[in-house]
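K.L.:
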Amino acid sequence: MEQAGEYRIAAARELVWQGLNDPDVLARCIDGCQSMDKLADDRFDAAVKAKIGPVSALFKAELSLEDIAAPASYTINANVKGGPAGFGKGKAEVNLEADGADTILRYAVKASVGGKLAQVGSRLIDGAARKMADDFFLAFGREISGAEPVAGKPAEAAPVYETGGQWKIWVAVFVALILAMIFAF
Amino acid sequence: MAEAIESGIGAPVRRKEDMRFITGEGRYTDDFSQRGQVYAAFLRSPYARARLDSVDASEALAMEGVLAVLTGQDMAADGFGDLPCGWTVKQKDGSDMVTAAHPPLAHSIVNYAGEPYGLVVASSVAVARRAAERVITEFTELDAVVNPALAMDSEDIHAGVVGNLCYDWELGDASATDAALAAAAHVTRLDLTNNRLIPNAMEPRAALGIYDPGTGEHTLYTTSQNPHLERLVLSAFVKVAPEHKLRVIAPDVGGGFGSKIFVYPEETAVIWAARKLRRPVKWTAERGESFLADAHGRDHVTHAQLGLDEQGRFVALKVQTTANLGAYLSLFGSSVPTYLYGTLLAGQYKTPNIHVEVHGVYTNTAPVDAYRGAGRPEATYVVERIVEIAARELGMDPVELRRRNMIQPADFPYQTPVALVYDTGDYEASLDKALQLIDYAGFPARRAAAAVAGKRRGIGLSCYIEACGLAPSKLAISLGAGVGLYESGEVRVNPTGSVTVFTGTHSHGQGHETTFAQVVAARLGVDIDDVELVHGDTGRVEFGLGTYGSRSLSVGGSAIVGALEKVIAKGRRIAAHMLETDVENIDFEEGQFRLRDSNRALSFGEVAFAAYVPADYPEDLEPGLSEKAFYDPENFTYPAGTHIAEVEVDVETGVVALVNLVAVDDFGILINPLIVHGQVHGGLAQGAGQALLEQAVYDEYGQLQTGSLMDYCIPRADDLPDFLVDTTVTPCTHNPLGAKGCGEAGAIGSPAAIMNALTDALGVNDISMPATSEKIWRALSG
C-alpha cells in the first residue's frame, strides 16, 4: 500500500530538522516507544509496544537509512515484526521544504504488510494509518512550534532544540505509519 | 393412501430438519462440550513462504490457564504422517504426479500465509488466543511464488518439485485436434481466468477431540462432509489412531460446498492434543481463519481454441490450462482440474476432436480443492464462453449455433472424445423451456426499452453438462482414485414398524432427512414421519464415502433402495410363513404383503412385529428385519440444462443488475422438487457471486488481501433477481431412482450465462470475472 501526506509546520526548516532529533520529542510523539538503538550510522533498531483494538504486541523494527541530504530529505527502509499480529516492510521518503517562515513536510510511504493485518483490508488500514500519521505530526508540530501544523496556517516562532540523532524522527515517522497499518483492524 | 401421495416420490414435502435449524435446536460441532474441555488456538504463519527458525513459547506457557504449546516438530516427533492426496494423477509421460509432503503442522518451512505450525491449548478460548499472540516465532522470509501463470518459471518452493509442476496432464487426441483446428474454416480463440473463490460456509470449521485413556478410544466431532473418509485418512495415513479406536462424528454441519470434504490440519491436531493432554480439546475457526485456511476453489488460467466448419459445426476444441493447486495438494485437489474438468469439455456438443492439457502448479497460497461444481464450472465456463463468442464472430444466433452442435436424444449412449459416455439427455428440451421461460423472443423489445432508459441490456446462455453421482469405483480407481466411490445404506425396521435408515452420505444443508425418508416411505408404504435418517457418525453407520459431487441421492439413495429391496424380500418370506404359503405367492405393494389372488394381506407393521416376535419360525428363517446394501454406480450421472441470464448495465456507473436468471435443469427423476429448487437457488447465488462479486486476492508477497467479508464480497439478496427455475426429465438409465443429482448445477451453469449476457450488453468479450462495476466502467470508458 502507498500513502503520502503533507504538513505545514510553523518553524524554519533548520529548526524543524533539529527539532526532529530530540529523543524526548519522539518518545512523546509515539506512544509506547520503548527503545531506539543505533547499530551503525545507517542502521537502527527500534522497539514499540502498542495496543490498538484487540491486539497488543511488541513491534521490533530494523531500519536502514539512505540518501541522507540534511536538512532536506531522507529515505528509510524498514522491516517491522510484530509476531502473530503481523509484520510490515517498506520504504519512506521524507522531504522538508522551506516556505517563508514555515516548513512543509512531505512524506511518501510504500509499504507492504503481512499476517493478520494484511487480511483485514487496505481500506481500513489506509484510513487508520492516515489518522495515526496525522496524530503524530500534530503532536510533533505542537512540540516544535507550539502551533498546530495545519496546512496554510502561519505559526508562531518555534522553540529551538538541540541537535543530534536526527534519524530518529524518520524512524519515528516510519514506525508510526507501519504501526498504523499494522494495528488498523 | 393420501398420505403417501402427499409425501411420495415427486412431492414437495417441506424439510423435516428445518424446524430444528430455524428454531436454534440444530446441534453443530461447537454445540458439543465435555467435562474438563480445553480450547485450542492455532499458531499460523504470517508469511507466504518462510523458514521456521525457532518458536519461543515461554511467555505463553507462563500465562495462567495455558496447558501446552504444541508445534509441528512435536507432532513429527510423535510419528505423525503427512496429509495425503487421495487421487494420484498420471502425467503425460505416464509418471505419477509430484506430491509435495504436507505435514499437518509445518515443522521447518511454512508455505502459505495462515498455514498452522502449532497450537496453544488453554482453559478458555480467550486465554488460548491471547497466549498465541505471546508465542515468539522467528522466521526467515523466503521469496514466495504467488501467480500460477508464472509458477513454472519461478523458484522451486518444494524440494524435488521442479518448476513447481505437480503434473503435466492431458486428455484427448492432440494430433487429431491440431489437424482439425488447422483445417477449420474458422477458429475462435479465447483467454480466460476462472477466478479464485473462497467457500464461506456459514458454519466455520470446528473440531472437538476426546480421548478415553481407559479404552484407548478417540472421538472426533468435526465439520466433515464425509466422516468415514476422515477416519480412514486419519487412521491409515496420518496414523492418529487405529481405525477401530477412532470414531468420527459429523453432527449438523452448516454448509460445506466441498470445503469440508477434506482432512485438515486442525482436526488432526485437535485429536492429537486431546490424547497428549488427556483433556477434551475444542477448536472453532474464527471467520478470518476460514478465509486463510479453508481450501479455496477454481483458480485457472486458460487458453482455448474452437474450430468450426463452414456450417458452424464444431470440429475441434483445444484447451490449455494452468491450474493453481496452492501450497500443498489437498485431499482431492489433484483430481478437480483434471478428471472433473477435462472430461467435461465436450459439453452438450458433438465436437469430434478435443484435447486438453493441464499444468497443475504449486504456489504459496492456500490449498485449492473442490468447491461447488469442482472442475465442472471451469469446464462449462470455457465451453460456453467460447461457443458464445464463436457465434458472435460468425454473426450467428448463439441459440442456433448451439442447436446445430447438440448431441441429440437418438445419439445416446454418447461416447465423447474425453472419456465419458453420456447415458441419456434431451438438451434441446431444456434449451427450449429456458428460452420460453425468459421470453427470449421478447428480448429485443426489452433491450430497446432499456436503451431508452440509458441502460444497456444483454442476454446470454449457458448450456452446461456435469458428471455427477461420483463415482463408478472401477473407473475412478483406474484413473488414480485412492478409494472406491460406492455408497452404503442400511434399513433397520423396528419391531413397531418404524424405520431407521443409515446412510454413509452426509447432509449439511441438502435435506437428506426428508428426501431419503420420502424414498423409504414410498417404497415401504409407511409415513415419512416414521422414518428416521442416521448419518454422520462412524460409530453408527457402517461405512460411507460422504457427500460431494451431487452423489447423495443417486449413489447413496440407490444403496438405500438396495437395502429396501432386501427388507421387502425378507418381509415376503415372513409373510409367506404367516400366511402359510410359498414366498412366490406374496406380493408387496402399498405397504401390504398380499397373498396373490386373495383378500388376505398383512400390513408392513404386522410383518415387522412378527419379525421380532418369532413364535413359530422355521429353522431357515432368521428373526429380525434389518438389511444393508452397497451400491456402486456403473457410470456417472449426467445432469444437464440451460441457464439464461439477462443483465442491465448502467453506463454511467458500470453497475450491473442481474435482472433475470432462468435455470432449466434435467436432474432425472425428482424426489422432492421443493428441495431441488432450493439447491438450484443456492447454486445460482454462488454462480452469480463468482461472475459478479467474488475474488480471492493475494498480493505479490502472497498475503491474502481479501481476508474478511469486508473485502470478499459474497452475494446479498439485493444482488439477485427472483430466479425462474424449472426442470425437464430424462431419467438416469442406470440407477434405480432414475436420479442424476442437483446439488451443483446452479453454480456450474450460471457464471457463463451471466458473463455471456454481460459481454452481450457491453459489446466486448474480454471482461473477466468477477465483473465488478469498476471493471465494467473502465471497459465502457475505453
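As given, the protein sequences belong to chains P and A, one line each in that order. The opening residue of the first sequence carries number 399 in my numbering; numbering runs sequentially from there. The opening residue of the second sequence carries number 11 in my numbering; numbering runs sequentially from there. Beta carbons: idealized from backbone N, C-alpha and C, even for Gly. The structure displayed is predicted, hence computed values, not measured ones.
(1) Buried or exposed for LEU430/A, please, with buried defined as at least 16 other CB atoms from any protein chain shown within 10 angstroms of its CB.
(2) Can you check DSSP and say which residues form a bridge with ARG54/A?
(3) Helix, strand or coil for GLU74/A, going by three-state DSSP, please let me know.
(4) Between ALA14/A and chain P, is any beta-carbon pair separated by less than 8 Å?
(5) Determine, using beta carbons only, whether GLU412/P comes closer than 8 Å to chain A.
(6) List the endpoints of the continuous alpha helix (DSSP H) containing LYS785/A.
(7) To the nearest angstrom, how far is the alpha carbon of ASN157/A from that of LEU703/A?
(8) Within the continuous alpha helix (DSSP H) that includes TRP293/A, where are the two ends?
(9) With a cut-off of 8 Å, does the C-beta of PRO482/P fall near any C-beta of chain A?
(10) Taking CB distances under 8 Å as the criterion, tell me whether SER510/P reaches chain A.
(11) What number of angstroms, rounded off, separates the C-alpha of ILE220/A from the C-alpha of MET434/P?
(12) Could you tell me which of GLY75/A, VAL99/A, GLY692/A sits nearest to ILE487/A, measuring between CA atoms?
(13) Contact check, GLY464/P vs ASP440/P under 8 Å by CB: the rounded distance?
(14) Give me, in chain order, the residues of the same chain whose beta-carbon lies closer than 7 Å to that of ILE399/A; leave out the 5 immediate sequence neighbours on both sides.
(15) Does the beta carbon of ARG131/A sit closer than 8 Å to a beta carbon anywhere in chain P?
(16) What is the DSSP secondary structure of VAL529/A, counted as helix, strand or coil?
(17) In chain order, what residues of the same chain lie with their CB nearer than 7 Å to the CB of ILE761/A, ignoring the 5 residues before and after it?
(18) Helix or strand or just coil, what does DSSP make of LYS576/A?
(19) Only counting runs of 3 or more residues, tell me where the beta strand (DSSP E) segments fall wholly within the segment 653-719 of chain A, in order along the chain.
(20) Tell me, to the nearest whole angstrom, how far the beta carbon of SER564/A is from that of THR647/A; I am working on the premise that it is less than 8 Å.
(21) Return the chain-ordered list of same chain residues with a C-beta closer than 6 Å to the C-beta of PRO209/A, the five sequence neighbours on each side being excluded.
(22) If we define contact as Cβ-Cβ less than 8 Å, is LEU768/A a contact residue for chain P?
(23) Between the C-alpha atoms of LEU437/P and VAL446/P, what's the straight-line distance to the nearest angstrom?
(24) For chain P, check one thing: does any of its Cβ atoms lie closer than 8 Å to the Cβ of TYR351/A?
(25) With DSSP run on the structure shown, which of helix, strand or coil describes VAL248/A?
(26) At the 8 Å Cβ level, is GLN517/P part of the contact set with chain A, yes or no?
(27) If you draw a straight line from the alpha carbon of TYR641/A to that of THR353/A, how long is it in whole angstroms?
(28) Quick one: grab the DSSP three-state call for SER510/P.
(29) I think GLY128/A touches LEU93/A, with their Cβ atoms under 8 Å apart; what is that distance to the nearest whole Å?
(30) Look at the alpha carbon of LEU202/A and the alpha carbon of GLN358/A, and state the distance between them as a whole number of angstroms.
(31) With a threshold of 6 Å on Cβ separation, who are the neighbours of GLU470/A within its own chain once the five nearest residues in sequence on each side are excluded?
(32) When Cβ atoms are compared, which residues of the segment 272-306 of chain A fall closer than 9 Å to chain P?
(33) So, under 8 Å CB-CB, LEU694/A and PRO22/A are touching, yes? Tell me the CB distance rounded to an integer number of Å.
(34) Does the Cβ of SER498/A have 16 or more other Cβ atoms within 10 Å, making it buried, or fewer, making it exposed?
(35) Please give me, in chain order, every unbroken run of the beta strand (DSSP E) with length at least 3 that falls completely inside the segment 604-661 of chain A.
(36) Cα separation between ALA138/A and ALA50/A?
P.N.:
In terms of the structure at hand:
(1) Translated into positions along the second sequence, residue 430/A becomes position 420. That one is buried.
(2) Position 44 of the second sequence, counted from the first residue, corresponds to residue 54/A. BP columns for ARG54/A point to PRO126/A.
(3) Position 64 of the second sequence, counted from the start, is the residue given in the question as residue 74/A. Note: GLU74/A maps to coil in three-state DSSP.
(4) Indexing the second sequence from 1 puts residue 14/A at position 4. Confidence at ALA14/A is low in this model, with a pLDDT of 45, below 50, so its placement is unreliable and no value can be given for it.
(5) Numbered from 1 along the first sequence, position 14 holds the residue referred to as residue 412/P. No, its Cβ sits nowhere closer than 8 Å to a Cβ of chain A.
(6) Taking the second sequence and counting its residues from 1, one reaches residue 785/A at position 775. Per DSSP, LYS785/A belongs to the alpha helix (DSSP H) from 783-790.
(7) Walking along the second sequence from the start, residue 157/A turns up at place 147. Walking along the second sequence from the start, residue 703/A turns up at place 693. ASN157/A and LEU703/A: Cα-Cα distance of roughly 21 Å.
(8) Translated into the one-based positions of the second sequence, residue 293/A becomes position 283. Unbroken run through TRP293/A is the beta strand (DSSP E), 291-294; no alpha helix (DSSP H).
(9) The residue labelled residue 482/P in the question sits at position 84 within the first sequence. Judged by the 8 Å Cβ criterion, PRO482/P is in contact with chain A.
(10) What you label residue 510/P is simply residue 112 of the first sequence in a count that begins at 1. Interface residue, yes.
(11) The sequence position of residue 220/A within the second sequence is 210, counting from 1. The sequence position of residue 434/P within the first sequence is 36, counting from 1. Distance between the alpha carbons of ILE220/A and MET434/P: 49 Å.
(12) Along the second sequence, read from residue 1 onward, the residue named residue 487/A stands at position 477. The shortest C-alpha separation from ILE487/A is found at VAL99/A.
(13) As a position in the first sequence, residue 464/P is number 66, starting the count at 1. As a position in the first sequence, residue 440/P is number 42, starting the count at 1. One detail in the question is off: residue 464/P reads as Glu in this sequence, not Gly. Correct: roughly 7 Å between the Cβ atoms.
(14) As a position in the second sequence, residue 399/A is number 389, starting the count at 1. Result list for ILE399/A: THR198, LEU200, ASN775, in chain order.
(15) The sequence position of residue 131/A within the second sequence is 121, counting from 1. The identity of residue 131/A in the sequence shown is Val, whereas the question assumes Arg. Not one chain P Cβ lies under 8 Å of VAL131/A.
(16) As a position in the second sequence, residue 529/A is number 519, starting the count at 1. Note: VAL529/A maps to helix in three-state DSSP.
(17) Within the second sequence, the letter at position 751 stands for residue 761/A. Ile is not the amino acid found at residue 761/A; the sequence shown has Pro there. Only PRO387, TYR391, GLY697, GLN700, ALA701, MET779 meet the Cβ criterion.
(18) Numbered from 1 along the second sequence, position 566 holds the residue referred to as residue 576/A. The answer is helix: DSSP assigns LYS576/A an H, G or I state.
(19) 666-676
(20) If you number the second sequence from 1, residue 564/A lands on position 554. If you number the second sequence from 1, residue 647/A lands on position 637. Their Cβ separation, rounded to whole angstroms, is 5 Å, which keeps SER564/A and THR647/A in contact under 8 Å.
(21) In the second sequence, the residue the question calls residue 209/A occupies position 199. Excluding sequence neighbours, PRO209/A sits near PHE267, SER269, ASP304, TYR381.
(22) Numbered from its first residue, the second sequence carries residue 768/A at position 758. By this cut-off, LEU768/A is not an interface position.
(23) As a first step, residue 437/P is located in the first sequence; it is residue number 39 there, counting from the start. As a first step, residue 446/P is located in the first sequence; it is residue number 48 there, counting from the start. Cα to Cα, the separation comes out at about 17 Å.
(24) Your numbering for residue 351/A matches position 341 in the second sequence. For TYR351/A, the answer is no, since every Cβ of chain P falls outside 8 Å of its Cβ.
(25) Within the second sequence, the letter at position 238 stands for residue 248/A. The answer is coil: DSSP assigns VAL248/A none of H, G, I, E or B.
(26) If you number the first sequence from 1, residue 517/P lands on position 119. By this cut-off, GLN517/P is an interface position.
(27) Locating residue 641/A in the second sequence gives position 631, where the first residue counts as 1. Locating residue 353/A in the second sequence gives position 343, where the first residue counts as 1. Rounded to whole angstroms, TYR641/A to THR353/A spans 23 Å at the Cα level.
(28) Sequence index remark: in the first sequence, residue 510/P carries index 112 (1-based). Of the three classes helix, strand and coil, the one that applies to SER510/P here is strand, per DSSP.
(29) The residue you call residue 128/A lines up with position 118 of the second sequence. The residue you call residue 93/A lines up with position 83 of the second sequence. Rounded, the Cβ-Cβ distance is 16 Å, inconsistent with contact.
(30) Working through the second sequence from its first residue, we reach residue 202/A at position 192. Working through the second sequence from its first residue, we reach residue 358/A at position 348. Their backbone Cα atoms lie some 20 Å apart in a straight line.
(31) Translated into positions along the second sequence, residue 470/A becomes position 460. The sequence as given places Gly at residue 470/A; Glu does not occur at that position. Around GLY470/A: ALA655, ALA763, ASN766, ALA767, ASP770.
(32) GLY298, PHE301, LEU302
(33) Numbered from 1 along the second sequence, position 684 holds the residue referred to as residue 694/A. Numbered from 1 along the second sequence, position 12 holds the residue referred to as residue 22/A. 19 Å between Cβ atoms; not a contact.
(34) Translated into positions along the second sequence, residue 498/A becomes position 488. Buried, since its Cβ has 16 or more Cβ neighbours within 10 Å.
(35) 611-613, 636-641, 650-660
(36) On the second sequence, residue 138/A is found 128 positions in, with the first residue counted as 1. On the second sequence, residue 50/A is found 40 positions in, with the first residue counted as 1. Between ALA138/A and ALA50/A, the C-alpha separation is close to 6 Å.
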